[in-house]
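In my numbering, the protein residues as written are 1 to 381. Yeah, the Cβ is synthetic: ideal placement off N, Cα and C, and Gly gets one too. Owing to the predicted nature of the structure, the values given are computational and were not obtained by experimental measurement. First comes the structure, then the notes that go with it.
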């Protein structure tokens, strides 16, 4: 899976010097720097706690970057436009190396970042204890890319559905190299996007988590889910780990590619590792399922019956057959009889389904070289 042409990576360079924010700098607050910035500028934020420093990004091209130790943007009871710590209005925006914490608003849909239109790349950022880490609007030409970031600690409110990420009906979301844990009654990842590319992440709720779905794709669409650890806790609110199409179609076509994932159920009772809601999706929706490991009690391919499925190399194992999952090492042991036993992958619709990387702690990825023999699951090391 390769990055699409739209992915900015970095906003276009400015001819102006960077605007610097922090103690002893020209700007004490991020909001002040944003009021002065013009299209193409870079704002550099020095380490520190920026309490109540909420703002709207109105520029069409901008880089907002923490320098050195990650600066903390603490909501402290404030929000921009009653929405978020930062609102991204409509542009080609890069946000890098910042932490967003404590977003709350009266309608309970507060976010670390509220993304409305344009293209947004979020890199090396942390989102902790927010009603939503990132929440998008529903513009069908908006695109979101999340790299090497950390989402955790949904608020402990049983009467509220707080998601670590909630992606609306936008064109595309890409999520890679990121960690998600400690959900509550909501989901770790929820995406209504036309295209959802979720690759090389640690989506594992952990012993303190109580999330519902780990990945919820309620409107189907094109979903490419490759090389992830996806693990529900013993305290989960829902037996299903990955859900596809539960709320019916929003797009003309839907297809699911689920390849080389390691899915873990820590409940004593069985799980639906994957559930495809066939009766709510377009007729002929195909699920492509290859070389996934399902770990613990539960059902995998039985969750997709009733429609076209292409599958092979999916293996059910027990938790002791992984190296050390309680310490977040979900690789197969060196002597495992499953090593090198993955089936060759097809290229449905011309899509290369081979893993190109794998997740590394604490966040990030490392590249995988092509090999003759692959192992099932998310790790080849």
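Starting from the C-beta of residue 3, find all residues in its chain whose C-beta is less than 6 Å away, skip the five residues before and the five after it, and write them out in chain order.
One-based indexing of the chain shown puts residue 3 at position 3. With a pLDDT of only 39 at residue 3, under the threshold of 50, the placement of this residue in the model should not be trusted, and no figure is reported.
With 16 other Cβ atoms within 10 Å as the buried cut-off, status of residue 377:
For the purposes of this step, residue 377 is taken as the residue at position 377 of the chain shown. It is buried - the Cβ of residue 377 has at least 16 other Cβ atoms within 10 Å.
Got a sec, what are the start and stop residues for the alpha helix (DSSP H) residue 35 sits in?
Looking up residue 35 in the chain shown gives position 35. Per DSSP, residue 35 belongs to the alpha helix (DSSP H) from 30-36.
I'd like to check one pair, residue 174 with residue 209: are the Cβ atoms closer than 9 Å?
Here residue 209 refers to the residue found at position 209 when the chain shown is read from its first residue. Here residue 174 refers to the residue found at position 174 when the chain shown is read from its first residue. No.
Counting only the same chain and skipping the five closest in sequence on each side, list residues whose C-beta sits under 8 Å from that of residue 89.
Counting from 1 along the chain shown, the entry for residue 89 is found at position 89. Same-chain partners within the cutoff: 56, 57, 58, 116, 117, 118.
Pop quiz: residue 197 and residue 219 are said to be a contact at Cβ under 8 Å. What is the actual Cβ separation, rounded to whole angstroms?
On the chain shown, position 197 is the one that residue 197 refers to. On the chain shown, position 219 is the one that residue 219 refers to. No, residue 197 and residue 219 are not in contact; Cβ-Cβ is about 16 Å, not under 8 Å.
Would you mind working out which of 16, 254, 153 sits nearest residue 382, comparing C-alpha positions?
Residue 382 lies beyond the range of the chain shown here (1 to 381); nothing can be said about it.
When you compare each of 372, 60, 318, 373 to residue 270 by their alpha carbons, which one comes out closest?
Residue 270 sits at position 270 when you count from the first residue of the chain shown. The shortest Cα separation from residue 270 among 372, 60, 318, 373 belongs to 318.
If you run the structure through DSSP and keep just helix, strand and coil, what is residue 361?
In the chain shown, residue 361 corresponds to position 361, counting from 1. Residue state, collapsed to three classes: coil.
For residue 266 and residue 329, I'd like the C-alpha separation in whole angstroms.
Here residue 266 refers to the residue found at position 266 when the chain shown is read from its first residue. Here residue 329 refers to the residue found at position 329 when the chain shown is read from its first residue. Distance between the alpha carbons of residue 266 and residue 329 is about 15 Å.
Same chain, Cβ closer than 8 Å to residue 79, neighbours up to 5 away in sequence not counted:
Residue mapping note: residue 79 aligns to position 79 of the chain shown, counting from 1. Here the set comprises 54, 85, 103, 104, 105, 110.
Using DSSP with H/G/I as helix, E/B as strand and the rest coil, what is residue 408?
Outside the displayed range of the chain (1 to 381) lies residue 408, so it cannot be described from this structure.
Residue 276: buried (16+ other C-beta within 10 angstroms of its C-beta) or exposed?
By 1-based counting over the chain shown, the position of residue 276 is 276. Answer is buried; the Cβ neighbour count reaches 16.
Exposed unless 16 or more other CB atoms sit within 10 angstroms - verdict on residue 285
As a working note, residue 285 is residue 285 in the chain shown. Burial call: buried.
Kindly indicate which three-state DSSP category residue 321 falls into: helix, strand or coil?
Counted from its first residue, the chain shown places residue 321 at position 321. Three-state result, residue 321: helix.
What does residue 231 pair with, by DSSP beta-bridge criteria?
Here residue 231 corresponds to residue number 231 of the chain shown, with the count starting at 1. Bridge partners of residue 231: 204, 264.
Look at the alpha carbon of residue 371 and the alpha carbon of residue 332, and state the distance between them as a whole number of angstroms.
Along the chain shown, read from residue 1 onward, the residue named residue 371 stands at position 371. Along the chain shown, read from residue 1 onward, the residue named residue 332 stands at position 332. Rounded to the nearest angstrom, the two C-alpha atoms are 17 Å apart.
Can you give me the C-alpha to C-alpha distance between residue 355 and residue 342, rounded to a whole angstrom?
Position 355 of the chain shown, counting from 1, holds the residue named residue 355. Position 342 of the chain shown, counting from 1, holds the residue named residue 342. Going from the Cα of residue 355 to the Cα of residue 342 covers about 12 Å.
Inter-stretch contact (C-beta, 8 Å, three-pair minimum) for the region 252-260 and the region 224-242
yes
With residue 384 as the anchor, note down where its beta strand (DSSP E) starts and where it stops.
No statement about residue 384 is possible, as the shown extent of the chain runs from 1 to 381 and does not include it.
Per-residue DSSP class, three states only, for residue 270:
Taking the first residue of the chain shown as position 1, residue 270 is located at position 270. DSSP places residue 270 in coil when its eight states are reduced to three.
For residue 202 versus residue 180, is the C-beta spacing smaller than 9 Å?
Indexing the chain shown from 1 puts residue 202 at position 202. Indexing the chain shown from 1 puts residue 180 at position 180. Yes, they are a contact pair.
Taking the alpha carbon of residue 147 as the point to measure from, which residue in 129, 165, 178 has its own alpha carbon closest?
In the chain shown, counting from the first residue as 1, residue 147 sits at position 147. The shortest Cα separation from residue 147 among 129, 165, 178 belongs to 178.
Identify whether residue 103 lies in helix, strand or coil by the three-state DSSP scheme.
Against the chain shown, residue 103 aligns to sequence position 103. Coil.
For residue 348, which three-state DSSP category applies?
Sequence index remark: in the chain shown, residue 348 carries index 348 (1-based). Residue 348 falls in the helix class under three-state DSSP.
For residue 71, is the classification buried or exposed, using 16 other Cβ atoms within 10 angstroms of its Cβ as the cut-off for buried?
Reading the chain shown from its first residue, position 71 is the one you call residue 71. So residue 71 counts as buried.
Using 10 angstroms around the beta-carbon of residue 291, count the other beta-carbons present and answer buried if the total reaches 16, otherwise exposed.
Working through the chain shown from its first residue, we reach residue 291 at position 291. The residue is buried, with at least 16 neighbouring Cβ atoms inside 10 Å.
Anyone know if the C-beta pair for residue 149 and residue 163 falls short of 9 Å?
In the chain shown, residue 149 corresponds to position 149, counting from 1. In the chain shown, residue 163 corresponds to position 163, counting from 1. Their beta carbons are not under 9 Å apart, which means residue 149 does not touch residue 163 by this criterion.
What is the rounded straight-line gap between the Cα of residue 295 and the Cα of residue 344?
Start at 1 with the first residue of the chain shown, and residue 295 comes out as number 295. Start at 1 with the first residue of the chain shown, and residue 344 comes out as number 344. Approximately 22 Å, taken between the alpha carbons.
Let me know if residue 92 comes out buried or exposed under the rule of 16 or more other beta-carbons within 10 Å of its beta-carbon.
Locating residue 92 in the chain shown gives position 92, where the first residue counts as 1. So residue 92 counts as buried.
Would you report the Cα separation of residue 66 and residue 94, rounded to the nearest angstrom?
Walking along the chain shown from the start, residue 66 turns up at place 66. Walking along the chain shown from the start, residue 94 turns up at place 94. Between residue 66 and residue 94, the C-alpha separation is close to 11 Å.
Measure how close the beta-carbons of residue 101 and residue 129 come, nearest whole angstrom, since I'm counting them as under 8 Å.
Within the chain shown, numbered from 1, the residue matching residue 101 stands at position 101. Within the chain shown, numbered from 1, the residue matching residue 129 stands at position 129. Yes, they are in contact, since the Cβ atoms of residue 101 and residue 129 sit about 6 Å apart, within 8 Å.
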